[in-house]
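Numbering (our numbering), first residue to last: 19 to 274.
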């Protein structure tokens with residue numbers, strides 16, 4: 019019997035295992051999770067939780083949101099939502115209201131949470147250009163969102179550094195000061211301020227959890243509570259502007 023071959027076999031097997039394990043070890047730095055608690059902004063009543071699981075250049079984002087603005091007439095209130103990046107990595111406080119109208123609009127919050135890195139749409143493009151594509155965002159008072167999407171380098175870097183912030187937009191005008199509710203959006207003058215006002219915010223930090231507490235929907239899907247699934251298009255102001263204007267008008271009539 020050739021004892022040299024017998025002794026060599028275990029060594030070769032161990033070597034093969036080491037080589038097989040090497041690629042996995044090399045990519046461990048590209049796999050991590052971050053989470054955030056979404057706290058209410060602008061007295062919106064909106065809260066939630068977010069989990070981001072990163073695998074290389076892809077991320078699976080899972081969100082549970084509740085207490086959000088519910089309806090506009092016969093459809094759900096659309097809630098634009100984004101990962102904001104490249105700023106202080108914090109959420110603004112009331113002191114960020116520089117124009118004194120009683121709310122912190124998106125522009126006033128920008129120095130704290132930064133620009134849009136990723137738009138958390140339900141389908142299609144996820145870049146900054148889709149930041150106001152309200153027909154492709156979840157809607158209603160409560161929803162669960164899950165989608166796997168491609169991360170760009172800037173968003174991935176903000177996630178790594180702990181400076182990425184999730185912001186959910188859209189506040190019921192009835193919860194806003196009258197002067198602010200009657201304004202148009204600082205982002206798109208064809209939309210009411212209520213449509214783009216930040217409603218909830220949370221900084222993404224290294225996760226100590228393995229999964230969201232309530233689970234998630236299938237990739238790209240949204241489960242909505244209490245509303246229909248009709249989308250509201252942003253083009254030309256559309257139903258969104260009409261609906262918010264109607265709510266503001268009702269509020270004026272109630273005060274009269």
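Beta carbons: idealized from backbone N, C-alpha and C, even for Gly.
Check	Outcome
Distance, residue 198 Cα to residue 204 Cα	11 Å
Three-state secondary structure (DSSP) of residue 172	helix
Rounded C-alpha distance that separates residue 158 from residue 172	30 Å
Delimiting residues of the alpha helix (DSSP H) encompassing residue 100	No alpha helix (DSSP H) contains residue 100, which is instead part of the beta strand (DSSP E) from 99-103.
Validate contact between the stretch 216-223 and the stretch 117-136 using beta carbons, cut 8 Å, 3 pairs	yes
Stretch pair the stretch 166-184 + the stretch 101-110: three plus CB contacts closer than 8 Å	yes
Residue 124, enclosing alpha helix (DSSP H) - first and last residue	124-131
Reference residue 53; option with closest CA among 59, 120, 82 and 62	82
DSSP three-state assignment for residue 56, whether helix, strand or coil	strand
Residue 177 in three-state terms, based on DSSP	helix
Three-state secondary structure assigned by DSSP to residue 197	helix
Limits of the alpha helix (DSSP H) - the one that residue 211 falls within	211-214
Start and end residues, beta strand (DSSP E) containing residue 114	Premise fails: residue 114 is in no beta strand (DSSP E) and is neither H nor E.
Opening and closing residue of the beta strand (DSSP E) in which residue 84 lies	76-84
Cβ pair residue 168, residue 89 closer than 8 Å	no
Assigned secondary structure, residue 207 (DSSP; H/G/I helix, E/B strand, else coil)	coil
Boundaries of the beta strand (DSSP E) in which residue 68 is found, first to last residue	65-73
Whole-angstrom distance between residue 221 and residue 62, CA atom to CA atom	18 Å
Beta-carbon separation (whole angstroms), residue 135 vs residue 176, contact threshold 8 Å	6 Å
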